[in-house]
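The next block holds one structure in the form of structure tokens; read it before the comments.
2 protein chains.
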Amino acid sequence: MKTKVRKATAGDAGIILGFIKELAQYEREPDAVEAVEADIRKQMESGHSPFECLIAEVDGAPAGFALYFFNYSTWKGKAGLYIEDIFVSPQKRGCGAGSALFRELGTIAGEKGCGRIEFAVLDWNQSAIDFYSRFGARPLDEWTVYRISGPALDDLKTASGSEKDRG
Amino acid sequence: MKTKVRKATAGDAGIILGFIKELAQYEREPDAVEAVEADIRKQMESGHSPFECLIAEVDGAPAGFALYFFNYSTWKGKAGLYIEDIFVSPQKRGCGAGSALFRELGTIAGEKGCGRIEFAVLDWNQSAIDFYSRFGARPLDEWTVYRISGPALDDLKTASGSEKDRG
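Each protein sequence line maps, in turn, to chains A and B.
Those letters in the first sequence? Residues 1 to 167, by the working numbering.
Those letters in the second sequence? Residues 168 to 334, by the working numbering.
Here you go:
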């Protein structure tokens, strides 16, 4: 069994979308994926892709992926690596694909001079928590992420204007 | 009292660092800031700044800031706006600076076609939670952010190599 990690290119958009959908199903949100292959391909071809992606292969076949981008820490004054998704297909587990992806993310963080690697984990996903803990990941227990989306975001997008200068 | 929001430029690096330090103090981590003004200026001048920043002014004097970057949602297949820091100096509150910053972030999210705005809030910061809730922000209660930094990150940065290809 040969496990290998490579950088994804725009030609992998279909493979990436497949993993996104598989992960959404695993996260018990099978209908949450609105992304389409053509958009992912276009974003990756744009020259300023909003993300980068690694593909793990076992014996030459795609087994998992890690999709990430760079965030910024105002405390450290430098970029960090944020893993949006990391996933190995259940039937391809046990071949070291997850660890290989994670180590490659570490290498990239080193090359880019990142001060930290971060990612969000579902609280019930104990196997993921155990996996990340082996790499020294620590939960930011004091913090909760808040999100504005849907109609609330539409309201905020159009709320600016006359109120910007206040007497 | 006139409240105004403007885009920050590299010349604002000192003002930005001042707010970063004030916010760290407010978050009870006064010694956490390693960022230095020269690095922030250099990053903003680089042409590919890892962040963007807004400054709120009350009667022409800096009153607060919002520092943000763009992340990516694999479910939506599009970018999101992530607010790393949003802060108004305690003595400048009540002039609408926070709301003006937030509305401007909404406008930018609209211009960039973002599918969501996100930010992390300290669990004890009830006044912030109340503020964000007025804009329709909802906590992602099921998720916890994990971080790898310090020696654990150093280990991971150098863990790659011979193990990448596994027999």
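Backbone N, C-alpha and C fix where the C-beta goes; we use that ideal spot for every residue, glycine too.
Chain-order list of residues whose beta-carbon lies under 8 Å from that of residue i (same chain, five-residue window excluded)
i: B/Glu279; result: As written in the sequence, residue 279 of chain B is Lys, which differs from the Glu given in the question. Closer than 8 Å at the Cβ level, and outside the excluded window around B/Lys279, lie Phe237, Ala246, Leu248.
i: A/Gly136; result: none
i: A/Leu168; result: Given that chain A is displayed from residue 1 to residue 167, the structure contains no residue 168 of chain A and the question cannot be resolved.
i: B/Arg333; result: Below a pLDDT of 50, predicted positions are generally treated as unreliable, and B/Arg333, at 40, falls in that range; no measurement from the model is reported.
i: A/Pro90; result: Tyr26
i: B/Ala199; result: Ala191
Cβ-Cβ separation, residue j to residue i (assumed contact under 8 Å), whole Å
i: A/Phe65; j: B/Tyr313; result: In fact, because the Cβ distance is near 19 Å, the residues do not count as touching under 8 Å.
i: A/Arg116; j: A/Ser73; result: 6 Å
i: A/Arg6; j: A/Ile55; result: 6 Å
i: B/Tyr299; j: B/Leu272; result: Incorrect: roughly 11 Å between the Cβ atoms, too far for contact.
i: B/Cys220; j: B/Ala264; result: With 8 Å as the limit, B/Cys220 and B/Ala264 do not qualify as a contact, their Cβ atoms being about 14 Å apart.
i: A/Pro139; j: B/Thr311; result: 5 Å
Cutoff 7 Å; reference residue i; Cβ partners in own chain excluding five residues on either side
i: A/Glu27; result: Leu122
i: A/Glu37; result: Ala13, Gly14, Leu17
i: B/Ala267; result: Thr170, Val172, Ala223
i: B/Leu323; result: Ile315
i: A/Gln43; result: Ser49, Pro50
i: A/Lys92; result: Val58, Ala63, Gly64
i: A/Ala35; result: Leu17, Ile20
Chain B within 8 Å of residue i, Cβ atoms only
i: A/Leu153; result: yes
i: A/Glu45; result: no
i: A/Asp165; result: With a pLDDT of only 42 at A/Asp165, under 50, the local geometry of the prediction cannot be trusted, and no value is derived from it.
i: A/Ala24; result: yes
i: A/Arg116; result: yes
i: A/Ile15; result: no
i: A/Leu156; result: yes
i: A/Val88; result: no
i: A/Ala79; result: yes
i: A/Phe70; result: yes
i: A/Glu84; result: yes
i: A/Leu101; result: no
i: A/Ala35; result: yes
i: A/Ala66; result: no
i: A/Phe135; result: yes
Interface flag, residue i vs chain A, CB-CB below 8 Å
i: B/Ile315; result: yes
i: B/Gly178; result: no
i: B/Pro306; result: yes
i: B/Pro197; result: no
i: B/Pro217; result: yes
i: B/Arg173; result: no
i: B/Leu221; result: no
i: B/Ile187; result: yes
Segment limits, alpha helix (DSSP H) that includes residue i
i: A/Lys21; result: 13-26
i: A/Ala38; result: 37-45
Residue i - containing beta strand (DSSP E), residue span
i: B/Ala230; result: 228-240
i: A/Arg180; result: With chain A running from 1 to 167 in the structure shown, residue 180 of chain A is simply not present.
i: B/Glu224; result: 219-225
i: B/Lys171; result: 170-174
Same chain, Cβ closer than 6 Å to residue i, five either side skipped, listed in chain order
i: A/Ala109; result: Leu81, Ile117
i: A/Lys4; result: Glu57
i: B/Cys281; result: Ala246, Gly247, Leu248
i: B/Ala295; result: Val288
i: A/Asn125; result: none
Query raised in the report: Along the chain, which unbroken stretches of the beta strand (DSSP E) at least 3 residues long are found entirely within the stretch 79-109 of chain A?
Result: none
Requested in this report: Counting only runs of 3+ residues fully inside the stretch 285-319 of chain B, write out the beta strand (DSSP E) ranges in chain order.
Outcome: Taking only runs of at least 3 residues, the beta strand (DSSP E) segments lying wholly in the stretch 285-319 of chain B are 310-315.
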